[in-house]
Amino acid sequence: MSVYRHIVVLTGAGISAESGLATFRGADGLWNNRPVEEVATIEAFERNPAYVHDFYNELKPEVFKARPNPAHLALAKLQKEYPGHVCLITQNVDTLHEKAGSIDVCHIHGRIDQAVCLNCGQIMEATGDIDTQTACPHCQVAGMMKPNIVFFGENLLDMDNVERQLHQCDLFLSIGTSGIVFPAAGFVQTAKYVGAETYEFNLEPTSNNFYFDHHIMGPAGTTIPQFVDKLLQAATERKS
Ligand code: OAD
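Residue numbers for the sequence shown follow the working numbering, so the first one is 122 and each next one is one higher.
What follows is the structure in structure tokens.
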């Protein structure tokens with residue numbers, strides 16, 4: 122195992138599966154009984170905001186009671202103990218990386234515990250329900266609150282930072298993502314083009330895996346702690 126200067130980790134719903142949260146496209150997936158077009162597009166929100174609010178309000182308690190699993194904990198440990206920089210980018214709207222102790226997590230698809238006011242642009246904590254009447258505590262305008270979740274048809278968040286991180290990385294890890302949703306699915310290509318070594322961690326082979334050098338199959342709760350231990354061991358050996 123080499124020692125790296127700048128590690129970029131991309132996580133998807135699969136890393137939270139062992140915490141009891143449904144993935145999007147699995148057999149009992151979140152998108153299995155609700156068409157994406159009804160709850161996760163900006164057009165759906167424009168058409169029927171009450172329905173979209175209800176969906177995320179119902180989801181919140183389930184997400185908030187979930188606890189980080191060994192994969193989240195191992196990544197937090199890597200951030201804390203690795204001598205190089207470790208940047209964590211997640212597509213997940215849960216906050217299990219933060220609950221595991223990770224810092225500076227880049228939430229490109231937003232966070233379920235936040236809302237954004239479409240009138241003034243303020244992002245705020247919103248752990249309780251929001252609806253079509255909720256007033257913004259910042260500008261006081263009612264009815265303009267949206268879950269701070271990136272819907273299909275919207276820009277991803279924090280992409281300047283993501284691009285900067287990807288252009289510096291020498292190790293790229295993709296964990297528990299189907300690699301179907303762009304632009305996140307294309308991050309590996311950027312990493313590969315700048316010369317990074319690339320790893321994919323998943324339960325099964327994915328369809329978009331051309332740019333990965335290594336594929337590690339198995340549950341992230343097992344494979345990630347093992348891989349993090351190897352990285353930390355290599356760094357310790359290098360020092361001594
Ligand atoms: P998906 O549901 O598309 O894919 C989850 C992946 O995790 C699959 O490839 C599974 O095989 C894998 N997986 C499941 N359990 C695992 C485990 N224990 N260990 C390792 N891998 C496991 O979820 P995402 O790729 O995250 O966007 O989906 C991307 C985006 O699509 C989401 O962020 C969401 C959705 O539209 C928004 O809501 C904005």
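Even for Gly, the Cβ is constructed at its ideal location relative to N, Cα and C. A quick note: this is a predicted structure, and the numbers were derived from the prediction, not measured.
Q) Skipping 5 residues on each side, what residues in its chain have a beta carbon closer than 6 Å to that of Ala312? A) Leu287, Cys290, Phe293, Thr319
Q) Excluding the five sequence neighbours on either side, which residues of its own chain have a C-beta within less than 6 Å of the C-beta of Gln243, listed in chain order? A) His259
**Q.** Continuous alpha helix (DSSP H) stretch holding Glu202: start and end
**A.** Unbroken alpha helix (DSSP H) run through Glu202: 191 to 202.
(Q) Assuming Ala195 and Ile296 are in contact, meaning their beta carbons sit under 8 Å apart, how far apart are those beta carbons, in whole angstroms? (A) Their Cβ separation, rounded to whole angstroms, is 10 Å, which puts Ala195 and Ile296 out of contact at 8 Å.
(Q) Measuring only the C-alpha atoms, how far is Gly231 from Ile224? (A) 15 Å
Q. The ligand OAD heavy atoms versus the CB of Leu301: any closer than 7 Å?
A. Reading off the sequence, residue 301 comes out as Ile, not Leu. Yes, the beta carbon of Ile301 sits closer than 7 Å to at least one heavy atom of the ligand OAD.
Q: State the start and end residues of the unbroken alpha helix (DSSP H) segment that holds His218.
A: 217 to 220
(Q) With a threshold of 6 Å on Cβ separation, who are the neighbours of Thr255 within its own chain once the five nearest residues in sequence on each side are excluded? (A) Met266
Q. From Asn190 to Gly316, what distance separates their C-alpha atoms?
A. 31 Å
Q) Going by alpha carbons, who is nearest to Val130 out of Ile163, Ala341, Glu358? A) Ala341
Q. Assuming Val157 and Phe273 make a contact with CB atoms under 8 Å, what is their CB distance in whole Å?
A. 7 Å
Q: Grab the span of the alpha helix (DSSP H) containing His127 for me, first residue to last.
A: Looking at the DSSP string, His127 is not in any alpha helix (DSSP H); the run it does join, the beta strand (DSSP E), is 127 to 132.
Q: Return helix, strand or coil for Arg188, following the three-state DSSP convention.
A: Assignment of Arg188 by DSSP, reduced to helix, strand and coil, places it in the coil class.
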